[in-house]
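Colleague: 1434 is the number that our numbering gives the last residue of the sequence shown; the numbers go up by one with no jumps.
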Amino acid sequence: MIAQGVLVRVNVAETDQISKGQVVKLTTAAVTAPIVEHLSEAGYLTHGAAEGFTLDVTVAFYDSGNYIGMAKTARIGMDFVLADAAGDTVRNWHADCTHRTAFNMESTAKRNATAVAACLDELAQGAVKVIHGAP
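1) Pairing CB atoms from the region 1358–1375 with CB atoms from the region 1408–1422, are three or more of them under 8 Å?
2) Compare the C-alpha of Phe1379 against each of Thr1388, Leu1325 and Lys1371 and name the closest.
3) Only counting runs of 4 or more residues, tell me where the alpha helix (DSSP H) segments fall wholly within the region 1353–1387, in order along the chain.
4) Look at the alpha carbon of Gly1351 and the alpha carbon of Gln1321, and state the distance between them as a whole number of angstroms.
5) Hey, how far is the Cα of Lys1409 from the Cα of Gly1432?
6) Does the ligand HEM have even one heavy atom less than 8 Å from the beta-carbon of Ala1312?
7) Could you give the distance in angstroms between the alpha-carbon of Val1311 and the alpha-carbon of Leu1325?
8) With Val1454 as the anchor, note down where its alpha helix (DSSP H) starts and where it stops.
9) Out of Arg1308, His1393 and Thr1327, which one is the CA nearest neighbour of Asp1315?
10) Helix, strand or coil: how does DSSP classify His1346 here?
11) Tell me which residue opens and which closes the alpha helix (DSSP H) that Val1335 is part of.
12) To the nearest angstrom, report how far apart His1337 and Met1369 are at their CA atoms.
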């Protein structure tokens, strides 16, 4: 278990290639923000000069959902590698998310963005649970 108060830096690999042709462009900031938010809420430090852990995140696949149609379904898969201060891998894992946003009166692009944001949040919450339980 990694104790609260420990530094966990988050590094997200570039996402430009994976976002090509998608309704919602996925940026490194969009991937990083919910992870940092949930780490902070769980009592971990995410910035600073202290020695700590590094979480490397790579988006393995991404589909922000079709533009056409009423309901929108986003699919995201991420690879995570948690390393200690020496750079040794503590744990690595893969997680997938599929989130469907039902039809509502929002614009098509907003429905797509809502589905993507829900997936990013779910994946971030899952990552924090894994980090908290890591040896």
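Backbone N, C-alpha and C define an ideal beta-carbon position, used for all residues, glycine too.
Fair warning: this is a prediction, and the values are worked out from it, not measured in the lab.
Modeller: Working from what's here:
1) At 8 Å Cβ cutoff, the stretches touch.
2) Nearest C-alpha to Phe1379: Thr1388.
3) Counting only runs of 4 or more, we get nothing.
4) Answer to the nearest angstrom: the Cα atoms are 35 Å apart.
5) Cα to Cα, the separation comes out at about 35 Å.
6) Absent from the structure shown: the ligand HEM. Ligands present: none.
7) One C-alpha to the other measures close to 11 Å.
8) Residue 1454 cannot be examined here, being either before or after the span of the chain that is shown, 1300 to 1434.
9) Taking only the C-alpha atoms, the option nearest Asp1315 is Thr1327.
10) Residue state, collapsed to three classes: coil.
11) Run containing Val1335: Thr1327 to Glu1340, per the alpha helix (DSSP H) assignment.
12) Each residue's alpha carbon lies about 31 Å from the other.
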